[in-house]
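Residues 80 to 203 (our numbering) are what the sequence shown spells out, left to right. No residue lacks a Cβ here, since even glycine has one placed at the ideal position from N, Cα and C.
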Amino acid sequence: MSEKIIFIRTSNGEDEVRNRTAHLSKDIKRALLMVDGTATVAEILKRSSPSLRAMLKDMFAELASGGFIRDKSKPVSVVKQAVVSPISKNTSVDDELDFTAAYRVPTPEILAAEGRKEAEAKRA
Numbered sequence: 080m081s082e083k084i085i086f087i088r089t090s091n092g093e094d095e096v097r098n099r100t101a102h103l104s105k106d107i108k109r110a111l112l113m114v115d116g117t118a119t120v121a122e123i124l125k126r127s128s129p130s131l132r133a134m135l136k137d138m139f140a141e142l143a144s145g146g147f148i149r150d151k152s153k154p155v156s157v158v159k160q161a162v163v164s165p166i167s168k169n170t171s172v173d174d175e176l177d178f179t180a181a182y183r184v185p186t187p188e189i190l191a192a193e194g195r196k197e198a199e200a201k202r203a
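The following block contains the structure:
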């Protein structure tokens, strides 16, 4: 990792600073708080405590892989949204759905048979 890199916090990093939801260790949270968007890694190393300096580059790598910080000089990757293509209008009459076929008009014979079944069920 180059010491000339300037890291900035991502939206996940800002959320973590405000809400502390990702359950990061104290040292990694301290490293995240040191990222201000203007200081290089070398400048942050100079400001940090001696106990943290040895591990700081690894912590920045972990924060970057976790999506909490990113390199300021690299463009943000934008996720392309899927475009829905319209349905072709070349459908024939045979391809259309026929909802009337699902419903049949009951004939008097069918109604009488259903009435007999209900009457027998009440007697039993």
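At least three beta-carbon pairs within less than 8 Å, the stretch 121-132 to the stretch 182-192: no
Close-in-space but distant-in-sequence residues of the same chain around I84 (CB under 7 Å, 5 per side omitted): As a working mapping, residue 84 is identified with position 5 in the sequence shown. Excluding residues within five positions, the ones whose Cβ falls inside 7 Å are T119, V120 and D150.
Nearest neighbour of I107, chosen from T117, G116 and G92 [CA to CA]: Working through the sequence shown from its first residue, we reach residue 107 at position 28. Nearest C-alpha to I107: G92.
Per DSSP, the bridge partner or partners of F86: Against the sequence shown, residue 86 aligns to sequence position 7. In the DSSP output, where bridge partners are listed per residue, F86 has D150.
Delimiting residues of the alpha helix (DSSP H) encompassing L135: For the purposes of this step, residue 135 is taken as residue 56 along the sequence shown, with counting starting at 1. Per DSSP, L135 belongs to the alpha helix (DSSP H) from P129 to S144.
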